[in-house]
Structures are given as C-alpha cells and as structure tokens.
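**Student:** Chains as they are written, first to last, in our numbering: chain D, 803 to 1021; chain L, 803 to 1021.
Beta carbons: idealized from backbone N, C-alpha and C, even for Gly.
Here it is: the structure, laid out below.
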DNA sequence: AAAGAAGTGGAAAGTCTGCTCCGGTTGACT
DNA sequence: AGTCAACCGGAGCAGACTTTCCACTTCTTT
C-alpha cells in the first residue's frame, strides 16, 4: 500500500512550530487537569483551559493513552528517585516511612499520578519500566527494614502499596493533610513489635493486583 | 387549586394489586443491583432484571432517594443490632473486632450499604436515626475497649469508621476476603501497645466527615 | 511572494444516559 | 359484565459528553 519510506517520514517529521507550541501547551494543561480530575477528564476541559480548540487536542493525541504516557513517563522515575534517596538513610524504618510519606503526598496532590501508579492505563514499555523500578526500590526498602528488625516480617511490599492507595483517598478540601493521621496508625501496625498473630491471608497474587487497584481507585 | 382532600386521598390511597406486586419486585431487584453497582446504578438495569418497564420503576420511585430510603431504613438497624450484640462479649477488644469484621463483611457484600453508611444520600429522618444509633453503639464499644486498656486511647470512633470504609474497598473477584489481611494489620496498629508517638493530626471534625466519605467512596 | 502542506477552531454529528409520555392493558368497583 | 381510573411498557426525547470534519489560517519551502 504505502511505501515504507512514507511511513517513516510521517512518523519522524518534526512538528510545525505552532503545532509544537500547542503540544507543549496541551501537556502543561493536561498535567493540571489530570491532577485534579483523574485520567478520564474531558478533552474539552483541557482545550478550554489551554485556550485552543478540542480538535487540536484530538489531533495531537488521538488516543488518551498517548497523552498519559507522554505525561507520566518521567514522573514515575522521579518517584523512584525518592526511593533511592531513602536508601541513603541508614535507619531502614526511617527511610521507609520517609519514602511512604513522599508517595502519599504525591498521590494526594495528583489524582492522575495515583491512577497511573495503581496500574490503570498501562501497556507502555517505558511506564511499565518506571513502575518496575519503583517496585524494586520498594522491595529493597522493605527487606532492609525487615532485616534490621523494625518492620514486621510478615508483610510484603505490595501490602504497603495497597495501604498507600487506600490512604491517598483520605483527604478533604478543609483537611488536606488528614491522611497523615491514618498513615501514622497504619505505621504503628507495621512495626515488628506490633505483630500479635499470623496474618489471616496471604498477600494478593501478582495477577490479582491490577483489578484490586482499579477497584480501589473507584472503578 | 386542588382541594386538600384530594391531596390526602392521593397520598393514602392503597396501591392496586399489580402495582403493589411490582413495587415489591422493584425493591427486591434494586437491593441486588444496588449491592452490585452502588446507589447510582441505572434504573433500566433494575427494570430489565425485574422484567418490567423503566417507566414503572420511575412511576413508583420518581426520586432515587425514596427507593434508597425504602431499602436501607431497616438495614442500618440490623447493623446496629450487631453492635449491641458485641457489647454482650465481656472482652471489649474481642467485641469491637468482632463488630468491625461484621461491618466490613456487610460493606464488601453490598456497595449500596457502604455508600449509605458513608453518609451519602441522606436527608431522611429514619436513615439518620439509624446511623445515629450505629454511631452511639460504636462509640460505646470504643470507649469500653479503651477503658479496659486494650484499644489505644488516642483514637475516636470516627477513625475506625474511616478505616472501615477504606478497608471495604479491598476486594477482588478472585480474592474476595482480601480485606481481612489489611483489617488484621490495621487492628495491630490500634492496640494500646502499638502507640509509639502522638498522632500527628486530630480526628476529622464532624462537618468534614460527609465530604471525606463521599471522596472515599469514589466521588 | 507564491504555492501548497500542515495545522487550527469549533460547529455538527455521533453516543450514552436518564427520564417522560402516551397508546394500550389490567384491576377495582358497581 | 361493564365502566373507568390506575397502571404498564418501552419507544423516543433531552442534555451531557465524545469525536469527527472541513472551511479557513498559518507556517515552510522555493
């Protein structure tokens, strides 16, 4: 059908100056809108706030996933970097709790980020890599704190992930920091000294996690 | 305009046999549908499953709240009864945890119930009374366990309510009981012995609770 | 500066969802 | 049994949201 050269040139051709400008504008605006309304905010909201037509948004990002990818590829690495920073702290418990606080702070401030971290709308290599990196650093922190005897030995990193997503729903307009109270309670239950009896179920299997996270984010 | 007698007779007139039958059918079906999809499930879903027309549902319950009221008035009392049963147990901690388990079980099984308990769609005296009764019995259980020195003294009943709603989102098709693991973790953080440092914030103020609950139920 | 390719805006078409309305049916009452 | 008000079903209307389309503008190239 179409010669291969056409396909390549079509994909690689640089955007026209005004189109490139608009692309940036869309990304900036979408970052704000997604943070407020989550990943399925309307395109017209983005267009309106950016002061451009809806058509322009659809032309640049015909698939919503593309927009999401473009926005969150770097964000996940940014978050993982916090984890690597937390490893610097010699006290495993202190490092872990510091990391958890940073994570919830981010998720509370950005609903879109929360949804991306909770596995919704994935299927991108780079996003998957970012999340994988995050998982690894998370597991490292957990295992270290357990080795130091401060974190209870019967939890896995995914348990903390689940609690994190649950916690990040605990905010209000008037009391935006409320989650900190419940994080403190949860942390007191995670200390090695808090163990009373074996946990009644195993941590969720890997393949169950995506559906779980989707549910926790409100369908 | 209309004579007063007309208004009265209109309100009091008993339903025709077929209409009464359908009303029951709607209630039965709505109980199932609300349990599955939450309080804003579509009326057509209810109609379809009941094998009747949408119009019939709308005619009988023009306002959704009326349907919700009719369904949940008794349910809340039923739940409060669990609390009163829990008081029988002399060990305050055992009674409280037993009660919490019953609550989450119910909320996980019935999304509509969860939303009603979480203060959404209220403004009915009887529903408000039911919730009030529930609150009181809850506070009683909390205070008793604190007096017995098993529950940490720095939490209030509303804290348990918040954690409960958060926990009841933790379910999956394949692992419906998963919430039990996280309830166990939360409980370990609620024991008197788990206190490490003062909680960083106060429990949410009463007037902040409705918005909080609404957010936690997914908008 | 002229030509044409690329990009734009927003009106209009398409979709989805909640609700109403009315021709036809059923049950209650005499 | 006949009359009529109450009730039924579901086609279809209204409004919100999503997506496409194209006449017009802007940029790039020669």
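Whose C-beta lies closer than 6 Å to the C-beta of residue 1013 (chain L) among residues of the same chain, with five residues either side of it excluded?
**Tutor:** Closer than 6 Å at the Cβ level, and outside the excluded window around residue 1013 (chain L), lies no residue.
**Student:** Alpha helix (DSSP H) containing residue 957 (chain L): first to last residue?
**Tutor:** Neither: residue 957 (chain L) is in no alpha helix (DSSP H) and is coded neither H nor E.
**Student:** What residues in its chain sit with their C-beta under 8 Å from that of residue 1006 (chain L), if we drop five residues either side in the sequence?
**Tutor:** Correct list, in chain order: 960, 964 and 1014.
**Student:** Give me the Cα-Cα distance between residue 863 (chain L) and residue 852 (chain L), rounded to the nearest whole angstrom.
**Tutor:** Going by the C-alpha atoms only, they are around 15 Å apart.
**Student:** Does residue 860 (chain D) get closer than 9 Å to chain L when you measure Cβ to Cβ?
**Tutor:** No, residue 860 (chain D) lies away from the interface with chain L (no Cβ there is under 9 Å from its Cβ).
**Student:** Compare the beta carbon distance of residue 909 (chain L) and residue 970 (chain L) with 9 Å and say whether it is the shorter of the two.
**Tutor:** For residue 909 (chain L) and residue 970 (chain L), yes; Cβs fall inside 9 Å.
**Student:** Below 7 Å CB to CB, which residues in the same chain sit around residue 860 (chain L) once its five sequence neighbours on both sides are set aside?
**Tutor:** Counting only Cβ-Cβ distances below 7 Å, and skipping sequence neighbours, we find 845.
**Student:** For residue 993 (chain L), I'd like the list of residues in its chain whose CB is within less than 6 Å of its CB, leaving aside the five on either flank, ordered along the chain.
**Tutor:** Nothing listed; no residue qualifies.
**Student:** Can you pull the chain D neighbours of residue 984 (chain L), defined as C-beta to C-beta under 8 Å?
**Tutor:** Per Cβ cutoff of 8 Å: 961, 964, 965 and 968.
**Student:** Quick one: what's got a C-beta closer than 7 Å to residue 951 (chain D)'s C-beta in the same chain, skipping five residues either side?
**Tutor:** Excluding residues within five positions, the ones whose Cβ falls inside 7 Å are 994.
**Student:** For residue 988 (chain D), go through chain L and note every residue whose CB falls closer than 8 Å to its CB, in chain order.
**Tutor:** Under the 8 Å cutoff, chain L gives 987, 988 and 991.
**Student:** In whole angstroms, give me the CA-to-CA distance for residue 818 (chain D) and residue 921 (chain D).
**Tutor:** Cα to Cα, residue 818 (chain D) sits roughly 34 Å from residue 921 (chain D).
**Student:** Apply the 10 Å Cβ neighbour rule to residue 888 (chain L) and answer buried if 16 or more other Cβ atoms are within range, or exposed otherwise.
**Tutor:** Per the 10 Å Cβ criterion, buried.
**Student:** Grab me the residues of residue 871 (chain L)'s own chain with a C-beta within less than 8 Å of its C-beta, minus the 5 sequence neighbours each way, in chain order.
**Tutor:** For residue 871 (chain L), where only same-chain residues beyond five positions count, the Cβ hits under 8 Å are 926, 928 and 929.
**Student:** Could you round the C-beta distance between residue 980 (chain L) and residue 1003 (chain D) to whole angstroms and report it? I think they count as a contact, below 8 Å.
**Tutor:** With 8 Å as the limit, residue 980 (chain L) and residue 1003 (chain D) qualify as a contact, their Cβ atoms being about 6 Å apart.
**Student:** Less than 9 Å between the C-beta atoms of residue 873 (chain L) and residue 833 (chain L), yes or no?
**Tutor:** Yes. Within cutoff.
**Student:** Counting only runs of 3+ residues fully inside the region 879 to 919 of chain L, write out the beta strand (DSSP E) ranges in chain order.
**Tutor:** None, since the region 879 to 919 of chain L contains no complete beta strand (DSSP E) of that length.
**Student:** Near residue 831 (chain L), what residues of its chain come up, given a Cβ to Cβ distance below 6 Å and the 5 sequence neighbours on each side ignored?
**Tutor:** Closer than 6 Å at Cβ, skipping near neighbours: 848, 851 and 852.
**Student:** May I ask you to check if the CB of residue 826 (chain D) is nearer than 8 Å to at least one heavy atom of the ligand GTP?
**Tutor:** Among the ligands in the structure shown, none appear at all, so the ligand GTP cannot be discussed.
**Student:** Take residue 836 (chain L) as the anchor and find which of L:816, L:867 and L:815 has the nearest alpha-carbon.
**Tutor:** Out of L:816, L:867 and L:815, L:867 has the C-alpha closest to the C-alpha of residue 836 (chain L).
**Student:** From which residue to which residue does the alpha helix (DSSP H) around residue 1012 (chain D) run?
**Tutor:** That run of the alpha helix (DSSP H) goes 1011 to 1018.
**Student:** What does the alpha-carbon distance come out to for the pair residue 877 (chain D) and residue 841 (chain D)?
**Tutor:** Rounded to whole angstroms, residue 877 (chain D) to residue 841 (chain D) spans 14 Å at the Cα level.
**Student:** Assign residue 902 (chain D) to buried or exposed, taking buried as 16 or more other Cβ atoms, counted over all protein chains shown, within 10 Å of its Cβ.
**Tutor:** Its Cβ being crowded by 16 or more others within 10 Å, residue 902 (chain D) is buried.
**Student:** Which of helix, strand or coil does DSSP assign to residue 818 (chain L)?
**Tutor:** The answer is coil: DSSP assigns residue 818 (chain L) none of H, G, I, E or B.
**Student:** Exposed or buried, residue 857 (chain L), counting other C-beta atoms within 10 Å across all chains shown (16 or more means buried)?
**Tutor:** Classification for residue 857 (chain L): exposed.
**Student:** So which residues of chain D does residue 958 (chain L) contact, with C-beta pairs closer than 7 Å?
**Tutor:** Those within 7 Å of residue 958 (chain L) in chain D number zero; the least Cβ separation is about 10 Å.
**Student:** Count the other C-beta atoms from every protein chain shown that fall within 10 angstroms of the C-beta of residue 805 (chain L), then say buried if there are 16 or more, exposed otherwise.
**Tutor:** Because residue 805 (chain L) carries a pLDDT of 39, less than 50, the predicted location of this residue cannot be relied on, and no value is offered for it.
**Student:** Using a Cβ cut-off of 9 Å (strictly closer), state whether residue 853 (chain L) contacts chain D.
**Tutor:** So no, residue 853 (chain L) is outside the interface.
**Student:** On a CA-only basis, which of D:820, D:973 and D:865 is nearest residue 854 (chain D)? Give me that one, please.
**Tutor:** Here the closest residue by C-alpha is D:820.
**Student:** Where DSSP assigns a beta bridge to residue 993 (chain D), which residues make up the other side?
**Tutor:** BP columns for residue 993 (chain D) point to D:953.
**Student:** Just the chain D side, please: which residues come within less than 7 Å of residue 1003 (chain L) by C-beta, in chain order?
**Tutor:** Result: 979, 980, 982 and 983.
**Student:** Could you give the distance in angstroms between the alpha-carbon of residue 780 (chain L) and the alpha-carbon of residue 885 (chain L)?
**Tutor:** Outside the shown range of chain L, which is 803 to 1021, sits residue 780 (chain L), and nothing can be said about it.
**Student:** Does the beta carbon of residue 918 (chain L) sit closer than 9 Å to a beta carbon anywhere in chain D?
**Tutor:** For residue 918 (chain L), the answer is no, since every Cβ of chain D falls outside 9 Å of its Cβ.
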